[in-house]
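First comes the structure, then the notes that go with it.
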Amino acid sequence: MLLAEQRRLLCEYGRRAAETGLVVGTAGNLSVRAGDLVAVTPSGVPLDRLEPEACPVVDVAGHLVEGALRPSSETPMHLAVYASGDAGAVVHTHSVFGAVVAATMTELPPIHYTVLLLGGPVRVAEYATYGTPELAANVRAALEGGRRAALLASHGGVTLGDDLAGAFEATRLLEWLCEVYVRARAVGEPRVLTGEQLAAVAHRAFNPPTFPTRED
Ligand SMILES: [Zn+2]
1 MLLAEQRRLL CEYGRRAAET GLVVGTAGNL SVRAGDLVAV TPSGVPLDRL
51 EPEACPVVDV AGHLVEGALR PSSETPMHLA VYASGDAGAV VHTHSVFGAV
101 VAATMTELPP IHYTVLLLGG PVRVAEYATY GTPELAANVR AALEGGRRAA
151 LLASHGGVTL GDDLAGAFEA TRLLEWLCEV YVRARAVGEP RVLTGEQLAA
201 VAHRAFNPPT FPTRED
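When you line the sequence shown up against this note's numbering, it's residues 1 to 216, in that order.
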């Protein structure tokens, strides 16, 4: 079986996505890249009921290489993400708070500094019908400039990572940030971090403070 380990990981993280409430039913899809091949979740199968053999393998041009089931309808979006960078895995969900922000905003305002872990303020990709090359192109545009996450207008969210663990954690962080934003709006007008404040956070992350030793 081609990409056996990658297909096993799709099942593991598919189950986790369902268990943590990030996906409902057959919504959401995941993929992992290995060279010019991509293992992707199949169309129409709930993510908590996947089997490795049921996960199709396609090449980066979108040709089916192995598998009896149809690749996820969002495979063009996954392939567009791989084509535009060095991602090793992609996760797409219709998580609740991500969908709320995606239905109402053009960008998730940076009200918490951890948004920098996603490459900066998360853009909302322009609406297009699910599964179309237009949606794939809109997502690709929203990820420009090294973003690791995007929201899809009136649809959901997508994240990428070096591997599936990284892409999955990015999806969890994206959902957390969206939830914090939505809940903050219920309390008052959230403070939006300035570009200067975000730059200071990035500077500190790359230049962590050193601690003097007792002998100093
Ligand atoms: Zn979707």
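Glycine is no exception: its CB is placed at the ideal position from the N, C-alpha and C atoms.
Original post:
Is it the case that the Cβ atoms of Ala102 and Ala149 are separated by a distance below 7 Å?
Top reply: no
Original post:
In this structure, does DSSP put Arg191 in helix, strand or coil?
Top reply: coil
**OP:** Taking only heavy atoms of ligand 1 into account, decide whether any of them is closer than 6 Å to the Cβ of Gly156.
**Re:** yes
Original post:
Among residues of its own chain, excluding the 5 on either side of Asp36, which ones have a beta-carbon nearer than 7 Å to its beta-carbon?
Top reply: Asp59 and Val60
Original post:
Quick one: what's got a C-beta closer than 7 Å to Leu117's C-beta in the same chain, skipping five residues either side?
Top reply: Leu173
**OP:** Give the secondary structure of Thr213 by DSSP, where H, G and I count as helix, E and B as strand, and everything else as coil.
**Re:** coil
Original post:
By how many angstroms is the C-alpha of Ala18 removed from the C-alpha of Val90?
Top reply: 16 Å
**OP:** With a cut-off of 8 Å on the beta carbons, I'd call Leu80 and Val139 a contact; round off their distance for me.
**Re:** One detail in the question is off: residue 80 reads as Ala in this sequence, not Leu. Contact holds; Cβ gap of about 6 Å.
**OP:** May I ask you to list the residues that DSSP assigns as paired with Val100?
**Re:** DSSP output for Val100 lists no bridge partner at all.
**OP:** Please report the residue range of the beta strand (DSSP E) in which Glu66 lies.
**Re:** Leu64 to Glu66
Original post:
Of the residues Gly145, Val187 and Met105, which one's Cα is nearest the Cα of Gly156?
Top reply: Met105
**OP:** Would you check if the distance between the CB atom of His94 and the CB atom of Val180 is smaller than 7 Å?
**Re:** no
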